[in-house]
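Asks: Just dropping this structure here.
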Amino acid sequence: MKRRGILLLGAILLLLPLLLPNAFYYDLAVRMAINAVVVLGLNLLIGFAGQISLGHAGFYGIGAYASAILPTQFGWHPLAALAAGAVAAAALAALVAKPIFRLRGHYLAMATLGLGIVITIVLKNEAAYTGGPDGMTVPPLVLFGFELSGEKQWYWVFAANLMFSVWACSNLMDSPFGRALRALHGSEVASQGAGVDVARYKMAIFVFSAFFASIMGSLAAHYIGFVTPNVADFSHSIELVTMVVVGGMASVLGSVVGAVLLTALPQALATFEGWETVAFGVILVLFMVVLPRGLVPTLAARFARR
Amino acid sequence: MSSQFLQFLISGLTVGATYALAALGFTLIYSASNVINFAQGEFIMLGGMLTVYFTHAGLPLPVAVALAIAVPALVGMLVEKLAIEPAKGAEVVSLIIITIGASLVIRGVIQIWLGKGTFTFEPFTSGAPIVVGGAVLQWQCLWVLGVTAAIVVALWFFFRHTLAGKAILATSCNPVAAQLVGIDTKWVLLVSFALSAAMGAVGGILLTPLTMTSYDVGIMLGLKGFVAAVVGGLGSGLGALAGGLLVGIVEAMAAGYISSAYKDAVPFLLIFVILFFMPRGLFGAKVTERV
Amino acid sequence: MALLEVQELSKAFGGVMAVQAVSFSVDAGIVYSIIGPNGAGKTTLFNLITGVYAPCSGEIRLDGCTISGQAPHRLARKGIARTFQNLQICMNMTARENVMVGAHLALDSNLLKGMLRWPSLRRADAAQAAEAAALMQYVGLDAYIDSAAGAMPYGALKRLEIARALAARPRVVFLDEPAAGLNPKETGEIDMLVKKIADSGVTVVLVEHDMKMVMNISDRILVLDYGKKVAEGTAREVRSNPDVIAAYLGKAA
């Protein structure tokens, strides 16, 4: 069923441009695709490995600002900046992973949350580099001498990115690495006994999802053309977690569904600021109470029973 | 002692008392149910914002304050009934997300209802501030510290010497055993939420004349209160108090002597330090997992 | 030289001496049982040997190499596998996947190769899946080969844990109360399974309460009480040992 879902996704992505009437909808589709990939990476950590990260947007922010600062202030090529951001995010994740993952539950949540907040504060304060709370512009991305601009061009970049990510993550979860990760979630002590170095795996998946998030942050920054410290803040981290929860923890397609639905929601509520917050809150509570496994796994189970 | 140091100490203790009240709220709910209530910060915000609303509506300050404590207590009970109880037995991750959802709802509603402005009201007692050793001590600071101390003593008395308090403690030690001796654990949970919300609200009310309030102060205050609870050791009342004061003082000292721009980062850096070197916090209990 | 040697092993939790200066050795290929009243320290002893706890003092040697205090995932490499008193099945996976996890060390768990569906990795994985099915048949779980772990009854899950332990092709397998919670018929089946495992050359160390089973299949028995060794020997020796009787039934008045 997963294979069919992935093919369906590919078909949708290919045919969607025929339906999109104007730039606004292209932009919406692009944002959905961006979020879907970030959420995929986060879901590996939260859903599959059973850990928690309330500061994931911090890594996204690192990528975004690397792509803003390094080309603008130091003359780096955008691709080099993207790579540097990803490496920096991965390095930070590796650095804090060992001490952080000795913690469980609330302590782990707290530590990841603190990480995200510290990153946001640094971005807000170091105005000389980052432009402070008002943010800064990001130069366009140049791929092999070709400057990417406009929603239509970016659409194909992000669509390809999404397809690859979905395929890769799906493979990963079926592989020995993925199995070990899921076993870790199921029973740490049993997987230890089977030879899984639990601490190393937790670090590996944390670093991996941080790397993913940073790359997407960089790409998104180039697409939007502008970054503010908000991209790294607690609210953004919570939005990402909401997408994981709604779409389905430990579900590859669920990550896509969650991202699509919850990227569209703020658009629908665009004029009702406070309502957006309330809506997110209600959705979070409702889903965790009524549909704790998320949309896709619950629906899949329903269909399987028929 | 330099007057500057004293000044930082005073502001640290004052805001630390608010953190301590928040931390006590966290610890109380955690003890009774193993849930970390990420919405605790919003109760602090409600205290301040509701007092503003009621005083602007013409009510005398004491009445406004009383309402601003009662309403959050009610909201706390609603959160428990509508969000926590239905999710009994869910994974830790789920419960954390649920309370975050509840906090979003509360914050969003206030944002819609009262707007995004910053507000304040008159301090409880007017008068020129006292000067101690070259440092300025506002009367409101005394209120904060005094009321917090009174609450801590009242709580101690409540848990040690009243049946209701002992019932709550019993539930936190062993819910099943508590039920077997006739304690209504649902009621205990409800009361814990109401009590923590009320304490948080009191903290928010006391602090508002000093720092002003707005719809989004709850996030940081709550998070720092949580840091305080963890620093002191989750599940320990004494720890919550010590943690709150410690976080407040360290934050104020760092802001004063090092950099005020990074003031907000300090509690979170502190928590990294604590979690890595003393994972159970200052006064937390050691736990071993049975395999 | 014995396969497993334990010398003067001790472990305290706070003020409680869970295991006190216990020494014994297990020869290769036998079934070695550890018995004793509840709270005697049997599971703690297991946890010490399999690396879940670090000993306070004493030494554990496997094939002459010291292994005391090493982490469980390292010990898995040395050929140690175990089951758990409180079932530790990954309910979020299928039965077969649970067994395949047992063979984790035999597979290439490279992240990149996994992501890119490396052909050699997929072939090895498919072979492992077939092996897991075979193992499930070996322990009598033919009916559940394609089940989700969450859909299986308690007795089946106990066997699944054994299958998972065997998937690692261990030299020594530690079974912690494999018959706990099972009815007499199921216990008899476990009894035969343990014999089958021992006959295949794997050393079995067993903690069990069911005396009939223990007396039936054990080559040697260790008796613990209050964390201390009370007796050690063959089934007959242990059965008639007055200290053992006293530990279980109390001294005659």
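Residue numbers (the numbering used here), protein chains in the order written: chain R, 12 to 317; chain S, 17 to 307; chain P, -14 to 238. Using N, Cα and C, we set each Cβ at its ideal position, and we do this for glycine too. Quick caveat: nothing in here was measured; it's all calculated off a predicted structure.
What residues are listed by DSSP as bridge partners for Tyr17/P?
Replies: Partner(s): Val190/P, Arg205/P.
Asks: Please state whether DSSP places Leu31/R in a helix, a strand or coil.
Replies: In the structure shown, Leu31/R sits in coil (DSSP, three-state: anything other than H, G, I, E or B).
Asks: Is the distance from the Cβ of Trp159/S to the Cβ of Phe173/S below 7 Å?
Replies: No, these two residues do not count as a Cβ contact at 7 Å.
Asks: Would you kindly check if the distance between the Cβ of Lys(-4)/P and the Cβ of Thr29/P is under 7 Å?
Replies: It is a contact, given that the beta carbons lie within the stated cut-off.
Asks: Compare the Cα-Cα distances from Val208/P to each of Ala56/P, Ile147/P, Val192/P and report the closest residue.
Replies: The option with the nearest alpha carbon to Val208/P is Val192/P.
Asks: Between Gln203/R and chain P, is there a C-beta pair that is closer than 7 Å?
Replies: Closer than 7 Å to some Cβ of chain P, the Cβ of Gln203/R qualifies, so yes.
Asks: Indicate whether Leu37/S and Gly219/S have their beta-carbon atoms separated by less than 7 Å.
Replies: Closer than 7 Å, so yes.
Asks: If you draw a straight line from the C-alpha of Thr304/S to the C-alpha of Tyr211/P, how long is it?
Replies: In this prediction, Thr304/S has a pLDDT of 49, which is less than 50 and means its spatial position is unreliable; what the coordinates show is noted afterwards. About 20 Å.
Asks: Contact criterion: CB-CB distance below 7 Å. Does Ala138/R meet it with respect to chain S?
Replies: Output row for Ala138/R: interface = no.
Asks: Rounded to whole angstroms, what's the CA-CA distance from Arg306/S to Phe(-2)/P? Just pull it up for me.
Replies: Note that Arg306/S scores a pLDDT of 48, beneath 50, so its modelled location is shaky; the value from the coordinates is reported in the next line. Arg306/S and Phe(-2)/P: Cα-Cα distance of roughly 12 Å.
Asks: To which residues of the same chain is Ala13/P closer than 7 Å at the C-beta, ignoring the five residues directly before and after it?
Replies: Same-chain partners within the cutoff: Leu(-12), Thr188.
Asks: Between Leu62/S and chain R, is there a C-beta pair that is closer than 7 Å?
Replies: By this cut-off, Leu62/S is not an interface position.
Asks: Within its chain, find whatever has a CB closer than 6 Å to the CB of Ala295/R; leave out the 5 residues flanking it on each side and keep chain order.
Replies: Just to set this straight, residue 295/R is Leu in the shown sequence, not Ala. Result list for Leu295/R: Thr253, in chain order.
Asks: How should Thr131/R be labelled, buried or exposed, when 16 other C-beta atoms within 10 angstroms of its C-beta is the threshold for buried?
Replies: So Thr131/R counts as buried.
Asks: Just mark Asp127/P as buried or exposed, buried being the case when its beta carbon has 16 or more other beta carbons within 10 Å.
Replies: So Asp127/P counts as exposed.
Asks: Among the residues of its own chain, which have a CB less than 6 Å from the CB of Tyr17/P, if the five just before and after it don't count?
Replies: Counting only Cβ-Cβ distances below 6 Å, and skipping sequence neighbours, we find Val11, Val190, Arg205.
Asks: Using C-beta distances below 7 Å, list every residue in its chain close to Phe237/R, excluding the 5 sequence neighbours before and after it, in chain order.
Replies: Once the five neighbours on either side are set aside, the close Cβ partners of Phe237/R are Gly146, Thr148, Val149.
Asks: Would you please verify whether the beta carbon of Gly135/P is less than 7 Å from any beta carbon of chain R?
Replies: Not closer than 7 Å to any Cβ of chain R, the Cβ of Gly135/P fails to qualify, so no.
Asks: Under a CB-based cut-off of 7 Å, is Pro187/R close to chain P?
Replies: It does; some Cβ of chain P falls within 7 Å.
Asks: With a threshold of 7 Å on Cβ separation, who are the neighbours of Asp176/P within its own chain once the five nearest residues in sequence on each side are excluded?
Replies: Taken in chain order, the residues that qualify are Met198, Asn201, Ile202.
Asks: Checking contacts by CB at 7 Å: is Phe284/S closer than that to chain R?
Replies: Yes, because at least one Cβ of chain R sits closer than 7 Å to the Cβ of Phe284/S.
Asks: By Cβ distance, which residues of its chain are closer than 6 Å to Arg193/R, with the 5 residues on each side in sequence left out?
Replies: Result list for Arg193/R: Phe59, in chain order.
Asks: Could you give the C-beta distance for Val7/R and Met299/R, rounded to a whole number, given that I count them as a contact under 8 Å?
Replies: The question about residue 7/R has no answer, for chain R in this structure spans 12 to 317.
Asks: CA-CA distance, Leu27/R and Val204/S?
Replies: Near 54 Å, if we compare the C-alpha coordinates of Val204/S and Leu27/R.
Asks: Going along chain S in order, which residues have a C-beta closer than 9 Å to the C-beta of Arg113/R?
Replies: In chain order: Leu291, Phe292, Pro295.
Asks: My guess is that Tyr71/R and Gly228/R are in contact by the Cβ rule of under 8 Å, so how many angstroms apart are they, rounded?
Replies: Contact flag correct, Cβ pair sits at about 4 Å.
Asks: If you count every other CB in all the chains shown that lies within 10 Å of the CB of Ile146/S, and 16 or more means buried, which is it?
Replies: When all chains shown are included, Ile146/S counts as exposed.
Asks: Beta-carbon of Gln5/S versus every beta-carbon of chain R: anything under 7 Å?
Replies: This structure does not reach residue 5/S, given that chain S is present from 17 up to 307, and the question cannot be answered.
Asks: Quick check: the Cα distance between Glu162/R and Asp38/R, rounded to an integer number of angstroms?
Replies: Rounded to whole angstroms, Glu162/R to Asp38/R spans 6 Å at the Cα level.
Asks: Which residues in the same chain as Pro246/R place their Cβ atom closer than 7 Å to its Cβ, once the five residues preceding and following it in sequence are excluded?
Replies: Note on residue identity: the sequence assigns Ser, not Pro, to residue 246/R. Result list for Ser246/R: empty, nothing under 7 Å.
Asks: With Leu173/R and Leu24/R assumed to form a contact (beta carbons below 8 Å), what rounded beta-carbon distance in angstroms separates them?
Replies: Leu173/R to Leu24/R, Cβ: 7 Å. Contact.
Asks: Which of helix, strand or coil does DSSP assign to Asp131/P?
Replies: The answer is coil: DSSP assigns Asp131/P none of H, G, I, E or B.
Asks: Under 7 Å between C-beta atoms, does Tyr212/R make it to chain S?
Replies: With 7 Å as the cut-off, Tyr212/R does not count as an interface residue toward chain S.
Asks: Could you tell me which residues DSSP puts in a beta bridge with Thr51/P?
Replies: Its beta-bridge partners are Arg46/P.
Asks: What alpha helix (DSSP H) runs, 4 residues minimum, are completely inside the segment 183 to 220 of chain S?
Replies: As far as the segment 183 to 220 of chain S is concerned, its whole alpha helix (DSSP H) runs of at least 4 residues are 191 to 196.
Asks: In the structure shown, what three-state DSSP assignment does Gly238/S receive?
Replies: Helix at Gly238/S.
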